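*Asks:* Mind having a look at this structure? Questions to follow.
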Amino acid sequence: MSEPSTTRKMSRFQAFFMVSSLCISLTIALMLITDSREYNHNMIEEGRQIRASISVNDWHAVREKTLQRQASWIHDSGFYLWFLSKITPQSATPFDHLSTNTLNARLQQNTQILAYQIALRLTMLEYWLLLSLPLLICLIISAINRHRANMYSFGGARPNRTRLYFKAIWLTLSTISFYVLAPSLLGPFAIYLPVFSLILVALLISGIIRNFHKI
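Be aware that the sequence shown starts at 1292, since it is given in our numbering, and climbs by one per residue.
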């Protein structure tokens, strides 16, 4: 009886690692094929849209925290220098003078822009989380109450909460990862993507909790 359960658990972890590997691979591929000037322009436009949608004080706070995070990830942590050492050729070649036009140079520039993108979107996620926290709590609490009512009707049976936590965490991490790594393709609607992502996560988690007795 334990073998099917082990197989299911292994398949879940395999799916998690496959999705994570796919996200990382797609991110690296986009960093290689996306022109740095276009990528930088898209992030500047996204910042302008955010600035036009929130108050001046909020924007200054968001921008300051974003730049602090980018600096800590890229420079203070030493990651960028380590990354450069891995992608920069160690020996001189006849083609070294073309390095500014190579994929390595594009990857170097896009890595810094990607760090800014992730920092900006995580900061905006925190901003919207504070604003929408009461709504998210109400959604999840209502699902918990519905779940308790269902458990009462089923004689007080208690499901495995580890499965519930695993599903909720996996869903949250997947949604946030997609949000912070997705290209800027939504134009003026990008500013609302964080709150939509948070509400979507809350709705999906509440749905899992509400119907967990059926799983």
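Glycine residues also receive a C-beta, built at the ideal position from the N, C-alpha and C atoms.
What you are looking at is a predicted structure, and each value in this text was computed from that prediction instead of being measured.
Can you give the Cα-Cα distance for Tyr1456 and Tyr1371, rounded to whole angstroms?
*Replies:* By one-based count along the sequence shown, residue 1456 stands at place 165. By one-based count along the sequence shown, residue 1371 stands at place 80. Each residue's Cα considered, the two are about 35 Å apart.
*Asks:* Considering only C-alpha positions, which residue in the set Tyr1483, Ile1404 and His1366 is nearest to Met1322?
*Replies:* Translated into the one-based positions of the sequence shown, residue 1322 becomes position 31. Ranking the options by Cα distance to Met1322, first place goes to Ile1404.
*Asks:* Enumerate in chain order the residues of its own chain whose CB-to-CB distance from Leu1416 is below 6 Å, with the five nearest sequence positions on each side excluded.
*Replies:* If you number the sequence shown from 1, residue 1416 lands on position 125. If we look at Leu1416 and ignore the five residues flanking it on each side, its Cβ neighbours are Pro1485.
*Asks:* Less than 8 Å between C-beta atoms, sequence neighbours within five positions excluded: which residues of the same chain meet that for Trp1419?
*Replies:* Numbered from 1 along the sequence shown, position 128 holds the residue referred to as residue 1419. Result list for Trp1419: Pro1485, Val1486 and Leu1489, in chain order.
*Asks:* Which of the three DSSP states is assigned to Ala1473 in this structure?
*Replies:* Indexing the sequence shown from 1 puts residue 1473 at position 182. Correct three-state label for Ala1473: coil.
*Asks:* Which same chain residues, not among the five before or five after Lys1458, have their C-beta less than 7 Å away from its C-beta?
*Replies:* For the purposes of this step, residue 1458 is taken as the residue at position 167 of the sequence shown. Excluding positions up to five away in sequence, the list reads Ile1499.
*Asks:* Take the Cβ of Ile1435 as the centre, count every other Cβ of all protein chains shown within 10 Å, and call the residue buried at 16 or more, exposed below.
*Replies:* For this step, residue 1435 is matched to residue 144 along the sequence shown. Result: exposed.
*Asks:* Roughly how many angstroms lie between the CA atoms of Arg1328 and Ile1496, to the nearest whole one?
*Replies:* Reading the sequence shown from its first residue, position 37 is the one you call residue 1328. Reading the sequence shown from its first residue, position 205 is the one you call residue 1496. Cα-Cα distance, rounded: 39 Å.
*Asks:* Rounded C-beta distance between Ala1410 and Thr1357? I'm assuming under 8 Å.
*Replies:* The residue you call residue 1410 lines up with position 119 of the sequence shown. The residue you call residue 1357 lines up with position 66 of the sequence shown. Indeed, because the Cβ distance is near 5 Å, the residues count as touching under 8 Å.
*Asks:* Short check: CB of Phe1374 to CB of Gln1408, under 9 Å?
*Replies:* Locating residue 1374 in the sequence shown gives position 83, counting from the first residue. Locating residue 1408 in the sequence shown gives position 117, counting from the first residue. Contact flag unset, no.
*Asks:* Along the alpha helix (DSSP H) that carries Gly1338, what are the first and last residues, could you check?
*Replies:* By one-based count along the sequence shown, residue 1338 stands at place 47. Per DSSP, Gly1338 belongs to the alpha helix (DSSP H) from Ser1327 to Ser1344.
*Asks:* By DSSP, does Ser1488 sit in helix, in strand, or in coil?
*Replies:* As a first step, residue 1488 is located in the sequence shown; it is residue number 197 there, counting from the start. The answer is helix: DSSP assigns Ser1488 an H, G or I state.
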